[in-house]
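Protein chains in written order, with the working numbering: chain A, 97 to 348; chain B, 12 to 135. Note that the Cβ used here is the ideal one computed from N, Cα and C, for glycine as well. Please read all numbers here as calculations on a predicted model, not as lab measurements.
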Amino acid sequence: MNSWFAKNLFRVLCAFICICIVAILLITVSWLPAFGDPDSPTNNEVSAKYLEDGVEDTGAVNIVAGMILDYRAFDTFGETCVLFVAVCAIVALMQDDRKPHAMDKPSYASERPRQDAILRTTSLVQIPMIMIFGFYVILNGHLSPGGGFSGGAILGSALILHANVYGVEHASRFLSFKVYRRTVSVCLIFYALAKGYSIYTGANHIRSVIPLGTPGKLLSAGLIMPLNIAVGLVVACTVYIIYILFSKGDEE
Amino acid sequence: MGGNLLSNYHEVVSIILFGIGFAALLLSRNLVKKFIGLNIADTAVYLFLASKGYVLGRAAPIVSVGGHNAADYINPIPTGLILTGIVISVSVTAFAFALIVKLYNRYKTLDLDEIIALSLLEKP
Numbered sequence: 097m098n099s100w101f102a103k104n105l106f107r108v109l110c111a112f113i114c115i116c117i118v119a120i121l122l123i124t125v126s127w128l129p130a131f132g133d134p135d136s137p138t139n140n141e142v143s144a145k146y147l148e149d150g151v152e153d154t155g156a157v158n159i160v161a162g163m164i165l166d167y168r169a170f171d172t173f174g175e176t177c178v179l180f181v182a183v184c185a186i187v188a189l190m191q192d193d194r195k196p197h198a199m200d201k202p203s204y205a206s207e208r209p210r211q212d213a214i215l216r217t218t219s220l221v222q223i224p225m226i227m228i229f230g231f232y233v234i235l236n237g238h239l240s241p242g243g244g245f246s247g248g249a250i251l252g253s254a255l256i257l258h259a260n261v262y263g264v265e266h267a268s269r270f271l272s273f274k275v276y277r278r279t280v281s282v283c284l285i286f287y288a289l290a291k292g293y294s295i296y297t298g299a300n301h302i303r304s305v306i307p308l309g310t311p312g313k314l315l316s317a318g319l320i321m322p323l324n325i326a327v328g329l330v331v332a333c334t335v336y337i338i339y340i341l342f343s344k345g346d347e348e
Numbered sequence: 012m013g014g015n016l017l018s019n020y021h022e023v024v025s026i027i028l029f030g031i032g033f034a035a036l037l038l039s040r041n042l043v044k045k046f047i048g049l050n051i052a053d054t055a056v057y058l059f060l061a062s063k064g065y066v067l068g069r070a071a072p073i074v075s076v077g078g079h080n081a082a083d084y085i086n087p088i089p090t091g092l093i094l095t096g097i098v099i100s101v102s103v104t105a106f107a108f109a110l111i112v113k114l115y116n117r118y119k120t121l122d123l124d125e126i127i128a129l130s131l132l133e134k135p
């Protein structure tokens with residue numbers, strides 16, 4: 097009994113710590129304001145400002161899109177950069193040290209296309225529909241729920257389906273790692289320049305030349321739609337490239 | 012104990028999920044299961060933030076064009092924070108799995124204790 101306890105001391109302590117944390121947090125939750133309380137301190141003047149002035153300031157009907165791509169755009173820029181840095185780190189890790197430039201022209205000998213009639217037939221219908229839906233979500237990011245991140249993930253899933261049905265080699269004809277690197281760099285530089293411009297004009301009280309348009313129209317909200325497209329491209333390519341890098345598997 | 016434990020059942024569920032994820036992170040020896048636990052804990056935090064931003068009877072912050080009342084919509088800030096959190100958690104998970112693949116290729120095991128034991132045996 098004593099030796100069992102000594103051997104499992106770490107696990108017993110871990111379970112004890114977890115239970116303690118949950119208990120402390122539950123006691124804290126019991127003192128929090130009630131769920132859905134309009135007077136709760138989280139609903140303070142910051143969110144009221146976004147909701148009241150969001151349409152006039154950003155031109156976006158979707159306040160969340162206006163918030164993350166206009167008021168707090170540099171936060172989103174950092175987020176997108178984190179995605180890119182994560183992919184760069186994964187590539188650096190997965191790369192074979194003996195073949196330093198193998199990533200640009202990888203061999204997909206193990207990745208044959210699946211000869212599956214059901215998958216092939218249904219994907220003929222599904223891939224265009226998923227792509228159209230992804231583009232719709234990206235382009236209407238300032239008008240309806242969605243935006244660059246969710247639409248990009250939908251596009252990325254269509255690309256993954258394509259790579260599964262027709263083989264990675266077929267897909268890497270139009271989206272190789274080189275294309276990915278260029279697309280993402282261009283998108284990130286465009287994002288940085290566009291937001292740098294709007295922050296420069298805002299800080300110096302210069303009138304921005306980008307019109308906000310009529311709220312509710314597709315071509316409105318100034319920079320938000322181009323930024324959504326940039327973020328969407330980055331996310332779509334990143335999701336797909338991460339999948340490809342992991343599905344390549346062990347080539348030894 | 013305060014009096015809001017039962018009315019805050021969304022937060023209670025998120026705390027319990029966080030505890031489950033944290034326990035999996037600490038107790039599981041398998042590296043993949045550790046990161047599944049980390050993702051459960053992440054999701055619990057999103058549930059907590061979303062339930063803190065919700066206001067009973069109000070609509071999602073897609074405002075109607077033309078005059079709108081700020082008191083008709085929920086708090087948009089937690090939604091934006093959750094969006095940030097999801098992206099960061101995806102990046103961290105992908106990077107962690109790349110590291111796990113490298114560790115597996117070297118030691119042919121996913122058990123953290125075995126990996127530490129094997130790495131101690133290696134000559135520096």
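What are the residues that DSSP puts in a beta bridge with A70 (chain B)?
B:Y84
If contacts are defined as beta-carbon pairs under 8 Å, then L179 (chain A) and V305 (chain A) qualify, I think. What distance do you get, rounded to the angstrom?
About 30 Å; that fails the 8 Å criterion.
Since I223 (chain A) and L257 (chain A) should fall inside the 8 Å C-beta cutoff, what is the C-beta to C-beta distance between them, to a whole number of angstroms?
Going by Cβ atoms, the distance from I223 (chain A) to L257 (chain A) rounds to 6 Å, so yes, they are a contact pair.
Can you tell me which of the three DSSP states N116 (chain B) falls into?
helix
Going by DSSP in three states, N158 (chain A) sits in which element: helix, strand or coil?
In the structure shown, N158 (chain A) sits in a strand (DSSP, three-state: E or B).
Does any CB atom of chain B fall closer than 8 Å to the CB of C114 (chain A)?
With its beta carbon less than 8 Å from one in chain B, C114 (chain A) belongs to the interface.
With a cut-off of 8 Å, do at least 3 Cβ pairs link the region 87–103 of chain B to the region 52–71 of chain B?
As far as the Cβ criterion goes, the region 87–103 of chain B touches the region 52–71 of chain B, which means the pair count is three or higher.
Name the DSSP bridge partner or partners of G174 (chain A)?
For G174 (chain A), which the question treats as bridged, DSSP gives no partner whatsoever.
Residue interval of the alpha helix (DSSP H) (run including F112 (chain A)):
L105 to W127
So what's D53 (chain B) in DSSP terms, helix, strand or just coil?
In the displayed model, D53 (chain B) falls within a helix according to three-state DSSP.
Pairwise C-alpha distance: T154 (chain A) and I164 (chain A):
Straight through space, the alpha carbons of T154 (chain A) and I164 (chain A) are spaced by roughly 11 Å.
Identity of the residue in A:Y262, A:I226, A:G263 and A:V261 nearest G247 (chain A) by Cα
A:I226
Are the C-beta atoms of E125 (chain B) and some chain A residue less than 8 Å apart?
Closer than 8 Å: no.
What separation, rounded to the nearest whole angstrom, lies between the Cα atoms of V280 (chain A) and E175 (chain A)?
Using only the alpha carbons, I get a separation of about 13 Å.
Coarse secondary structure for N324 (chain A), derived from DSSP in three states:
helix
On the CB-based measure, 16 or more other CB atoms within 10 Å of its CB, does P134 (chain A) come out buried or exposed?
exposed
Separation of F106 (chain B) from S240 (chain A), as counted between CA atoms
32 Å
Excluding the 5 residues flanking D122 (chain B) on each side, which residues of the same chain have their C-beta closer than 7 Å to its C-beta?
Around D122 (chain B): R40 and N41.
Quick one: is T279 (chain A) near chain B, going by C-beta distance under 8 Å?
For T279 (chain A), the nearest beta carbon of chain B is not closer than 8 Å to its own beta carbon.
Within the chosen definition, does the region 265–276 of chain A reach the region 288–295 of chain A through at least 3 CB pairs nearer than 8 Å?
No: the two stretches stay apart, fewer than three of their Cβ pairs being nearer than 8 Å.
I'd like to know whether the C-beta of D166 (chain A) is nearer than 8 Å to at least one C-beta of chain B.
no
Three-state secondary structure (DSSP) at G242 (chain A)?
G242 (chain A) carries a coil assignment under DSSP once its states are collapsed to helix, strand and coil.
Rounded to whole angstroms, what is the Cα-Cα separation between I127 (chain B) and I159 (chain A)?
49 Å
Y287 (chain A) - containing alpha helix (DSSP H), residue span
Annotation: the continuous alpha helix (DSSP H) that includes Y287 (chain A) extends over F273 to A299.
Chain A contacts from the region 29–56 of chain B (Cβ-Cβ distance under 8 Å):
Taking 8 Å as the Cβ-Cβ cut-off, the region 29–56 of chain B approaches chain A at F29, G30, F33, A34, L37 and L38, given in chain order.
Under the three-state DSSP convention, the category N260 (chain A) falls into:
helix
Helix, strand or coil: how does DSSP classify D212 (chain A) here?
coil
Check for me: the alpha helix (DSSP H) holding D124 (chain B) runs from which residue to which?
L123 to L132
At the 8 Å Cβ level, is R107 (chain A) part of the contact set with chain B, yes or no?
yes
Which residues in the same chain as Y115 (chain B) place their Cβ atom closer than 7 Å to its Cβ, once the five residues preceding and following it in sequence are excluded?
L121
Let me confirm a value: A70 (chain B) is counted as buried when at least 16 other C-beta atoms fall within 10 Å, else exposed. Which label applies?
Within a 10 Å sphere around the beta-carbon of A70 (chain B) sit fewer than 16 other beta-carbons, which makes this residue exposed.
Since V24 (chain B) is in the alpha helix (DSSP H), which residue starts that stretch and which ends it?
Y20 to L38
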